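Working notes, beginning with the structure itself.
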Amino acid sequence: MIRVLHVLGGLNRGGAETMVMNFYRYIDKSEVQFDFIIHSDSQNDYREEIESMGGKIYVFPKFKVYNILSYRNTWKSFFDAHPEYRIIHSHIRSYASVFFPIAKKYHLKTIIHSHSTSNGKGFKAIIKNILQKPLVKQADYLFACSESSGKWLYGTEKIKEDNYFLVKNSIDVNKYKYNEKIRTKYRNALNIENNLVFAHVGRLSSPKNHIFY
Numbered sequence: 035m036i037r038v039l040h041v042l043g044g045l046n047r048g049g050a051e052t053m054v055m056n057f058y059r060y061i062d063k064s065e066v067q068f069d070f071i072i073h074s075d076s077q078n079d080y081r082e083e084i085e086s087m088g089g090k091i092y093v094f095p096k097f098k099v100y101n102i103l104s105y106r107n108t109w110k111s112f113f114d115a116h117p118e119y120r121i122i123h124s125h126i127r128s129y130a131s132v133f134f135p136i137a138k139k140y141h142l143k144t145i146i147h148s149h150s151t152s153n154g155k156g157f158k159a160i161i162k163n164i165l166q167k168p169l170v171k172q173a174d175y176l177f178a179c180s181e182s183s184g185k186w187l188y189g190t191e192k193i194k195e196d197n198y199f200l201v202k203n204s205i206d207v208n209k210y211k212y213n214e215k216i217r218t219k220y221r222n223a224l225n226i227e228n229n230l231v232f233a234h235v236g237r238l239s240s241p242k243n244h245i246f247y
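FYI, my numbering numbers position 74 of the sequence shown as 108, with every residue one higher than the one before it.
See below:
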């Protein structure tokens with residue numbers, strides 16, 4: 035069995051976390067198992083489900099730039115204790131450049147996954163942009179959820195190379211099939227029986243491509 039180590043900020047119901055879970059539920063777990071390194075355990079919506087499927091969860095300290103030495107040491111100690119991992123798949127962009135060189139010293143294949151087209155604005159965004167620059171050279175494989183997110187993180191030329199993969203955010207379509215009974219139930223409950231409704235789940239920000247934003 036191959037154990038893949040996914041690196042995330044947390045395990046709440048965010049986009050990257052949910053995307054990983056959508057794949058995780060349907061992989062052949064006798065062949066591939068997902069384990070997780072997270073940096074916050076305050077809202078862990080998927081812990082029970084992950085553990086029920088045989089996955090392991092490790093909680094790391096948050097990276098704060100000033101703690102770079104202790105953060106690096108945490109990774110070294112982890113790899114010393116866990117030689118079973120051969121693949122690391124990071125959904126964190128910026129400070130993946132801190133732990134990817136360590137992972138490669140321990141002979142892991144490295145995957146970086148672009149889920150966005152912007153780091154936002156301000157000082158934090160500048161730091162993130164600087165930190166993520168080495169990733170295109172550090173990663174063995176470059177993943178992106180869209181062509182635009184691939185171009186943004188890796189550049190136009192890199193997405194033409196053989197180690198780049200477009201991995202679309204797959205969903206279980208059966209969960210979203212039209213159901214007249216459910217529609218009527220909730221429209222009645224919300225007193226919007228005959229209204230035109232635009233519903234949205236997620237944050238209102240430009241990378242989400244809202245046509246009314």
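Don't be surprised by glycine CBs; every beta carbon is placed ideally from N, CA and C. The model shown is predicted, which means the values in this text are computed figures rather than measured ones.
Item: Simplified DSSP state of D114, which is helix, strand or coil; Value: helix
Item: Cβ-based neighbour list, D75, same chain, cut-off 6 Å, excluding 5 preceding and 5 following; Value: V93
Item: Local Cβ density within 10 Å of F113, reported as buried at 16 or more and exposed below that; Value: buried
Item: Rounded straight-line distance, which links the Cα of L142 to that of V235; Value: 36 Å
Item: N- and C-terminal bounds of the alpha helix (DSSP H) containing I226; Value: From DSSP, I226 is part of no alpha helix (DSSP H); its letter is neither H nor E.
Item: Assigned secondary structure, A173 (DSSP; H/G/I helix, E/B strand, else coil); Value: coil
Item: Cβ distance (whole Å) where S150 is taken to contact S183 below 8 Å; Value: 6 Å
Item: DSSP state of F70 mapped onto helix, strand, coil; Value: strand
Item: N56 versus L230 - alpha carbon distance; Value: 30 Å
Item: Residues of its chain near T52, where Cβ-Cβ distance is below 7 Å and the 5 sequence neighbours each way are ignored; Value: none
Item: Given 8 Å, three or more beta-carbon pairs between the segment 64-78 and the segment 37-45; Value: yes
Item: Euclidean distance between Cα positions of I36 and D62; Value: 11 Å
Item: Burial state of I77, where buried means 16 or more other Cβ atoms lie within 10 Å; Value: It is Gln, not Ile, that sits at residue 77 in the sequence shown. Exposed.
Item: Extent of the continuous alpha helix (DSSP H) run through I84; Value: 81-86
Item: Exposure label - A119; buried when at least 16 CB within 10 Å; Value: Just to set this straight, residue 119 is Tyr in the shown sequence, not Ala. That one is buried.
Item: Extent of the continuous alpha helix (DSSP H) to which V132 belongs; Value: 130-139
Item: Extent of the continuous alpha helix (DSSP H) to which I161 belongs; Value: 157-166
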